[in-house]
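So the sequence lines, in the order shown, correspond to chains A and B.
Numbering-wise (my numbering), the first sequence opens with residue 1 and increments by one.
Numbering-wise (my numbering), the second sequence opens with residue 1001 and increments by one.
What follows is one structure encoded as structure tokens, with my remarks underneath.
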Amino acid sequence: EPEVTQTPSHQVTQMGQEVILRCVPISNHLYFYWYRQILGQKVEFLVSFYNNEISEKSEIFDDQFSVERPDGSNFTLKIRSTKLEDSAMYFCASGDRAWRRTEAFFGQGTRLTVV
Amino acid sequence: DQQVKQNSPSLSVQEGRISILNCDYTNSMFDYFLWYKKYPAEGPTFLISISSIKDKNEDGRFTVFLNKSAKHLSLHIVPSQPGDSAVYFCAASVADAGNMLTFGGGTRLMVKP
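Pasting the structure below:
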């Protein structure tokens, strides 16, 4: 069964450093998303991406964040200068363009720890 | 911002019985609702969804009920199995919002053998 894969599974970084979280969405999907879940809190939407551009972003997704689809398969989230409060589980998701609202399929997540 | 709320942080049910997980929402623009299941160290897994034009959707042991006037939805699992033990999230989306999902806080379901 096709799945969304994320690497690395765990990333530890020093405050102020740049990190890139990588995702390989399901191959025929057209919509791509990043969500995050701070420990003990809700899963929160960060950004959606379609047709090579951001279609929606939340207040969390400020200038420190960027997304890119550098080739036909990868979808990345970059955090330019990490802060302690960026520590969270980051989930990539993808969806197809079905006639009904797409059910996003999630990857297993990358745990980001900022020290 | 509590547009989607799951008021029960946990629920314990005996194997074979019915599990009922509840979810309330405040945004009347939501028109599509989903339930996800999440095991520790894994991403959310889609379970079942319902459009606002329906009031019930069934898939095997899982049924979702939507009461639009009350802005309430529920997930019924019958019969409950120990493997159903996980955190369950309800989520909602609005037609023109890029399929962005707004999640509830989750309910931890424990099914006892």
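From the three backbone atoms N, C-alpha and C, an ideal C-beta is built for every residue, glycine too.
Find the residues of chain A that neighbour residue i, judging by a C-beta separation of less than 7 Å, and give them in chain order.
i: Leu-1034/B; result: Glu-103
i: Ser-1049/B; result: Glu-103
i: Phe-1089/B; result: Val-43
i: Gly-1083/B; result: Result: empty, since nearest Cβ-Cβ is about 18 Å, beyond 7 Å.
i: Gly-1105/B; result: Lys-42
Can you name, in chain order, every residue of its own chain whose Cβ lies under 7 Å from the Cβ of residue i, other than the five neighbours on each side?
i: Gln-14/A; result: Val-115
i: Asn-28/A; result: Asp-96
i: Tyr-1039/B; result: Ala-1086
i: Pro-8/A; result: Thr-110
i: Glu-1015/B; result: Ser-1080, Gln-1081, Pro-1082, Val-1111, Lys-1112, Pro-1113
i: Phe-1046/B; result: Leu-1034, Tyr-1036
i: Leu-1021/B; result: Leu-1011, Ser-1074, Leu-1075, Tyr-1088, Thr-1107, Leu-1109
Can you tell me where the beta strand (DSSP E) with residue i in it begins and where it stops?
i: Lys-1037/B; result: 1030-1038
i: Val-1064/B; result: 1062-1067
i: His-1076/B; result: 1072-1077
i: His-10/A; result: 10-13
i: Leu-46/A; result: 43-50
i: Gln-1002/B; result: That residue, Gln-1002/B, is in no beta strand (DSSP E); it is neither H nor E in DSSP.
i: Ile-26/A; result: No beta strand (DSSP E) contains Ile-26/A, which DSSP labels as neither H nor E.
i: Asn-1022/B; result: 1019-1025
i: Ser-1093/B; result: 1086-1094
i: Met-1110/B; result: 1107-1112
Report all residues from its chain with a CB closer than 6 Å to the CB of residue i; omit the five preceding and five following residues, and keep chain order.
i: Ser-1012/B; result: Met-1110
i: Ser-1051/B; result: Tyr-1032
i: Phe-49/A; result: Phe-32, Val-67
i: Ser-55/A; result: Ser-48
i: Trp-99/A; result: In this prediction, Trp-99/A scores a pLDDT of 41, lower than 50, which makes its location untrustworthy; the coordinate-derived value is nonetheless stated afterwards. Result list for Trp-99/A: empty, nothing under 6 Å.
i: Ile-20/A; result: Thr-76, Lys-78
i: Phe-61/A; result: Leu-46, Val-47
If the cut is a Cβ gap below 8 Å, which residues of chain A does residue i touch?
i: Glu-1042/B; result: Gln-108, Gly-109
i: Thr-1102/B; result: Phe-45
Return the chain-ordered list of same chain residues with a C-beta closer than 8 Å to the C-beta of residue i, the five sequence neighbours on each side being excluded.
i: Ser-1010/B; result: Thr-1107, Arg-1108, Leu-1109, Met-1110
i: Ile-26/A; result: Pro-2, Glu-3, Val-4, Ser-94, Asp-96, Phe-105
i: Lys-1071/B; result: Asp-1024, Tyr-1025, Thr-1026, Ser-1028
i: Asp-1055/B; result: Phe-1065, Leu-1066, Asn-1067, Lys-1068
Residues of chain B with CB closer than 9 Å to the CB of residue i, please, in chain order.
i: Arg-24/A; result: Reading the sequence as shown, one finds Val at residue 24/A and not Arg. Ordered by position in chain B, no residue passes the 9 Å Cβ test against Val-24/A, which lies about 13 Å from the chain.
Applying a beta-carbon distance threshold of less than 9 Å, which residues of chain A neighbour residue i?
i: Gly-1060/B; result: Within chain A, no residue comes near Gly-1060/B; the closest Cβ sits about 16 Å away, beyond 9 Å.
Give the interface partners of residue i over in chain C, defined as CB-CB distance under 9 Å, in chain order.
i: Phe-1046/B; result: Among the protein chains in the structure shown, which are A and B, there is no chain C.
Please list the partners that residue i has in chain B, where partner means a Cβ-to-Cβ separation under 7 Å.
i: Gly-16/A; result: Here the premise fails: no neighbours, minimum Cβ distance about 27 Å.
Run through chain B and tell me which residues come within less than 8 Å of residue i, C-beta to C-beta.
i: Phe-91/A; result: Gly-1043, Pro-1044
i: Gly-95/A; result: Asn-1099
Secondary structure, beta strand (DSSP E): runs of 3+ residues fully inside the segment 52-109 of chain A: Counting only unbroken stretches of 3 or more residues, the beta strand (DSSP E) elements lying wholly within the segment 52-109 of chain A are 53-57, 65-68, 75-79, 88-95, in sequence order.
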